[in-house]
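Q: Counting from 1, one number per residue, gives the positions in the sequence shown under UniProt numbering.
Just so you know, even glycine gets a beta-carbon here, dropped at the ideal spot from N, CA and C.
One structure coming up, written as structure tokens, with questions to follow.
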Amino acid sequence: MLETILSTESIRKSFGAHCVLDGVSLSVRKGEIVGLLGPNGSGKSTLLNILSGFTPSDGGAVNVDGHDVTGLPPHAIARLGLVRTFQLPSMPHRMTVREVLQAGCRREAGLGGALRRWRYDAEVARLLDQFLLTRVQDQPASALSGGQKKLLSIATVLRSRPKLLCLDEPTAGVHPNLRSRMVELLKEVNAQGVTILVVEHDMEFIRELCGRCVVLDRGALIADCAPRELVENPRVVEAYLGK
Ligand code: ADP
Ligand code: MG
């Protein structure tokens, strides 16, 4: 039995009178790649925002790798191993791709500082290479294509060596050629020991990447099954196609 890396218990969230999450309980085991699906507006991004500390919930609990992270700020949750990317990655205007990846590394005097810097730079070079960004490393990050921005935002959060990577629509607006490369990249990242929870609409992407899917509809979890079982699940069919 694999260890649980993420569990939520009865997460609730309303915006005004609008109930967006109505008691969502799910769990993800170490090493899994889980797809988080659901029609537009079903609460997927809100759930990721709550898991990662960007939005407070109205109730319920989130546990990451054995730690109760309910109510903690994003940086504290990231330190415990959960990082996330956004549906629309925003890039700073005056920084190059390499600078975005290097941000946060302090310059320190002395041999210890130099060695840390050297190890850090090696890691940045590895990530640039893995995410196909070496060629554009000196270009402004804001000038990248939609797909390259998605790759850079994933590379950036991987720098902290997370245990759990949450992705919000990584292939939206991404060229189809890059989409299949993205599947390979995420499998590589997973093989390096990172568990993945991914919000995505592209079913081919989901089928190739995910071992399991959970489906949200109007704030409630309606399915938890293998990707190939989705089309036979009456509740999923109803959520997407109506009765
Ligand atoms: P999904 O990612 O599944 O498309 P979201 O989680 O973004 O859905 O949104 C779920 C619902 O919550 C939508 O109806 C959306 O309009 C609403 N919502 C999301 N964020 C806010 C907010 N900050 N204020 C008010 N309503 C919001
Ligand atoms: Mg969304």
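Could you tell me the alpha carbon to alpha carbon distance between Leu82 and Leu132, rounded to whole angstroms?
A: Translated into positions along the sequence shown, residue 82 becomes position 82. Translated into positions along the sequence shown, residue 132 becomes position 132. Cα to Cα, Leu82 sits roughly 24 Å from Leu132.
Q: In chain order, what residues place their C-beta within less than 5 Å of a heavy atom belonging to the ligand ADP?
A: After applying the 5 Å Cβ criterion, the set is Phe15, Val20, Asn40, Gly41, Ser42, Gly43, Lys44, Ser45, Thr46.
Q: Across which residues does DSSP place Val198 in a beta bridge pair?
A: Counted from its first residue, the sequence shown places residue 198 at position 198. Gly35, Leu167, per the DSSP bridge assignment.
Q: Can you determine whether any heavy atom of the ligand MG sits closer than 7 Å to the C-beta of Val199, and answer yes or no?
A: For the purposes of this step, residue 199 is taken as residue 199 along the sequence shown, with counting starting at 1. Val199: yes, Cβ under 7 Å from the ligand MG.
Q: Check for me: the alpha helix (DSSP H) holding Leu48 runs from which residue to which?
A: Position 48 of the sequence shown, counted from the start, is the residue given in the question as residue 48. Start and end: 44-51.
Q: Taking three-plus beta-carbon pairs below 8 Å as touching, is the region 159-178 in contact with the region 198-216?
A: The region 159-178, when compared against the region 198-216, does touch it at the 8 Å Cβ threshold.
Q: When the distance is taken between beta carbons, is Asp224 closer than 8 Å to Val236?
A: Counted from its first residue, the sequence shown places residue 236 at position 236. Counted from its first residue, the sequence shown places residue 224 at position 224. In this structure, Asp224 does not lie closer than 8 Å to Val236 by Cβ.
Q: Determine the burial state of Thr46: buried for a count of at least 16 other Cβ atoms within 10 Å of its Cβ, exposed for fewer.
A: The residue given as residue 46 occupies position 46 in the sequence shown. Classification of Thr46: buried, given that the 10 Å Cβ count is 16 or more.
Q: Quick one: give me the first and last residue of the beta strand (DSSP E) that Asp138 is part of.
A: Translated into positions along the sequence shown, residue 138 becomes position 138. Careful: Asp138 lies outside any beta strand (DSSP E) and carries neither H nor E.
Q: Kindly indicate which three-state DSSP category Thr8 falls into: helix, strand or coil?
A: Walking along the sequence shown from the start, residue 8 turns up at place 8. If DSSP states are grouped into helix, strand and coil, Thr8 belongs with the strands.
Q: Looking at Leu51 and Cys210, is the spacing between their C-beta atoms short of 8 Å?
A: What you label residue 210 is simply residue 210 of the sequence shown in a count that begins at 1. What you label residue 51 is simply residue 51 of the sequence shown in a count that begins at 1. The answer is no: Cβ separation not under 8 Å.
Q: Short check: CB of Val136 to CB of Gln102, under 8 Å?
A: If you number the sequence shown from 1, residue 136 lands on position 136. If you number the sequence shown from 1, residue 102 lands on position 102. Not a contact, by the Cβ cut-off of 8 Å.
Q: Does any CB atom of chain C fall closer than 8 Å to the CB of Arg116?
A: The structure shown contains no chain C; it holds only a single protein chain.
Q: Could you name the residues of the same chain whose beta carbon sits closer than 8 Å to that of Val20, not counting the 5 residues immediately before and after it, in chain order?
A: In the sequence shown, the residue the question calls residue 20 occupies position 20. Contacts found: Lys13, Ser14, Gly43, Thr46, Gly219.
Q: Below 8 Å on the Cβ atoms is my contact criterion, and I expect Gly147 with Leu111 to pass it. Report the Cβ-Cβ distance as a whole number of Å.
A: As a first step, residue 147 is located in the sequence shown; it is residue number 147 there, counting from the start. As a first step, residue 111 is located in the sequence shown; it is residue number 111 there, counting from the start. With 8 Å as the limit, Gly147 and Leu111 do not qualify as a contact, their Cβ atoms being about 40 Å apart.
Q: Quick one: is Ser153 buried, meaning 16 or more other Cβ sit within 10 Å of its Cβ, or exposed?
A: Translated into the one-based positions of the sequence shown, residue 153 becomes position 153. It counts as buried.
Q: According to DSSP, simplified to helix, strand and coil, what is Asp65?
A: Along the sequence shown, one-based indexing puts residue 65 at 65. DSSP places Asp65 in coil when its eight states are reduced to three.
Q: Between Ile196 and Pro227, is the Cβ-Cβ spacing less than 8 Å?
A: Stepping through the sequence shown from its first residue, residue 196 is reached at position 196. Stepping through the sequence shown from its first residue, residue 227 is reached at position 227. Contact flag unset, no.
Q: Can you have a look at Asn49 and say buried or exposed, based on whether 16 or more other CB atoms are within 10 angstroms of its CB?
A: Along the sequence shown, one-based indexing puts residue 49 at 49. With 16 or more other Cβ atoms within 10 Å, it is buried.
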